[in-house]
Amino acid sequence: MSLSGLGDTGKAQPPPALFPAPESDTPTPGRRRGGAPRNGPSQHGSPVNGPAPGDDAGRQLVFFGADAAEPAVADLAGLLAGPAEVVRMGGTARLSVRVDAAWRVHVLVAELASRGLAASWEPIEGERHAVRTSYTRVLKPLAAAWLNGSTKRPPAAFHLTGRRLRLWLAAAGTPEPPDCYLLRLGPDDQECWESIGVALAAAGLAGTLVGPAEGGPAYRIAGRRRLARLAELVGGPPPAAPVDAWPARQ
Numbered sequence: 001m002s003l004s005g006l007g008d009t010g011k012a013q014p015p016p017a018l019f020p021a022p023e024s025d026t027p028t029p030g031r032r033r034g035g036a037p038r039n040g041p042s043q044h045g046s047p048v049n050g051p052a053p054g055d056d057a058g059r060q061l062v063f064f065g066a067d068a069a070e071p072a073v074a075d076l077a078g079l080l081a082g083p084a085e086v087v088r089m090g091g092t093a094r095l096s097v098r099v100d101a102a103w104r105v106h107v108l109v110a111e112l113a114s115r116g117l118a119a120s121w122e123p124i125e126g127e128r129h130a131v132r133t134s135y136t137r138v139l140k141p142l143a144a145a146w147l148n149g150s151t152k153r154p155p156a157a158f159h160l161t162g163r164r165l166r167l168w169l170a171a172a173g174t175p176e177p178p179d180c181y182l183l184r185l186g187p188d189d190q191e192c193w194e195s196i197g198v199a200l201a202a203a204g205l206a207g208t209l210v211g212p213a214e215g216g217p218a219y220r221i222a223g224r225r226r227l228a229r230l231a232e233l234v235g236g237p238p239p240a241a242p243v244d245a246w247p248a249r250q
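Read in full-length UniProt numbering, the sequence shown has 123 at position 123, and its numbers run on one by one without any break.
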């Protein structure tokens with residue numbers, strides 16, 4: 001059962017049911033993701049506002065935001081900051097992640113395709129889905145940076161950019177009304193959690209670690225100011241994402 005990361009959906013197995021089938025999320029040169037100008041309405045009917053004139057912090061956030069650079073394979077480190085896994089086989093590697101909603105499958109497959117990576121998916125237990133790339137040499141450097149033997153751990157220079165955060169949100173971000181957002185972690189990645197928290201703080205998103213007994217593991221980003229910063233960094237919601245599942249500009 002597969003959904004090609006290059007937009008070629010197999011006839012035998014359609015993608016997960018979604019409302020309605022989304023358009024491609026691959027960025028178009030000269031346009032913002034979602035096709036709306038920064039100060040115009042998004043396709044979801046919500047304003048997408050730029051930083052206020054003279055707002056130096058806002059300009060800095062845009063510079064490091066998801067729209068500040070073209071998609072790159074290195075962005076997949078954002079998935080590994082969350083619950084994704086990477087494994088090696090010979091001179092190749094494969095990345096996989098389990099998600100809890102069909103819209104996440106559509107977003108991730110499109111994001112992987114925009115980086116030249118074919119992806120497949122399959123339903124798993126509990127109405128969840130597994131999304132995975134093919135084994136490819138392209139992912140070998142990412143695996144080498146993140147694996148210590150078979151154990152996942154962030155590299156020493158790991159940091160979070162807007163595009164990395166956008167992928168993390170697409171795979172495992174959950175709003176917690178009224179003023180919180182959860183970024184879920186890998187349940188078996190305890191060795192990663194502290195370093196991920198440091199990277200979040202360095203990005204201006206200091207969070208509280210929520211343990212498994214409290215509904216985690218996850219980092220809780222709390223407060224309107226941090227949520228506004230998160231929204232600025234990750235950009236507007238992908239076409240397939242429910243608007244209320246994505247952090248909104250304040």
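Ideal Cβ positions, reconstructed from N, Cα and C, are used throughout, including at glycine.
I'd like to know whether the C-beta atoms of residue i and residue j end up nearer to each other than 8 Å.
{"i": "CYS192", "j": "PRO154", "result": "yes"}
{"i": "LEU160", "j": "ALA81", "result": "yes"}
{"i": "VAL131", "j": "VAL87", "result": "no"}
{"i": "GLY197", "j": "TYR219", "result": "yes"}
{"i": "LEU95", "j": "ALA84", "result": "yes"}
{"i": "LEU227", "j": "GLY162", "result": "no"}
{"i": "ALA170", "j": "ARG128", "result": "no"}
{"i": "ASP75", "j": "LEU167", "result": "yes"}
{"i": "PHE158", "j": "ALA199", "result": "yes"}
Between which two residues does the alpha helix (DSSP H) carrying residue i extend?
{"i": "HIS106", "result": "102 to 113"}
{"i": "PRO141", "result": "140 to 146"}
{"i": "TRP168", "result": "162 to 172"}
{"i": "VAL73", "result": "Careful: VAL73 lies outside any alpha helix (DSSP H) and carries neither H nor E."}
When the Cα of residue i is compared with those of the options, which residue comes out closest?
{"i": "ALA102", "options": "ALA81, LEU183, ALA172", "result": "ALA172"}
{"i": "ARG229", "options": "ALA218, GLY215, TRP246, ALA213", "result": "TRP246"}
{"i": "THR92", "options": "VAL107, ALA248, LEU76, LEU139", "result": "LEU139"}
{"i": "PRO175", "options": "ARG164, ALA231, ILE124", "result": "ALA231"}
{"i": "LEU147", "options": "TRP168, ALA213, MET89, ARG166", "result": "MET89"}
{"i": "LYS152", "options": "THR136, SER120, SER195", "result": "SER195"}
{"i": "ALA156", "options": "ARG115, ARG137, ALA144", "result": "ALA144"}
{"i": "SER150", "options": "GLY215, SER114, LEU209, ASP188", "result": "ASP188"}
{"i": "ARG137", "options": "ILE124, GLY116, ALA199", "result": "GLY116"}
{"i": "VAL109", "options": "ASP179, LEU79, GLY216, ALA201", "result": "LEU79"}
{"i": "ALA206", "options": "HIS106, GLU122, SER134, ARG225", "result": "ARG225"}
Answer with buried or exposed for residue i, where buried requires no fewer than 16 other C-beta atoms within 10 angstroms of its C-beta.
{"i": "ASP100", "result": "exposed"}
{"i": "ALA240", "result": "buried"}
{"i": "PRO238", "result": "buried"}
{"i": "PRO177", "result": "exposed"}
{"i": "GLY236", "result": "buried"}
{"i": "GLY186", "result": "buried"}
{"i": "VAL243", "result": "exposed"}
{"i": "PRO71", "result": "buried"}
{"i": "ASN49", "result": "With a pLDDT of 36 at ASN49, under the threshold of 50, the modelled position of this residue cannot be trusted, and the question is left open."}
{"i": "PRO212", "result": "exposed"}
{"i": "ASP56", "result": "The predicted model places ASP56 with a pLDDT of 39, which falls under 50 and marks its position as unreliable; any figure quoted below should be read in that light. So ASP56 ends up on the exposed side."}
What is the residue span of the beta strand (DSSP E) that residue i lies within?
{"i": "TRP121", "result": "119 to 124"}
{"i": "LEU183", "result": "180 to 184"}
Sorry if obvious, but does the Cβ on residue i come closer than 7 Å to a heavy atom of the ligand HEM?
{"i": "ALA171", "result": "Ligands in the displayed structure: none, and consequently the ligand HEM is not present."}
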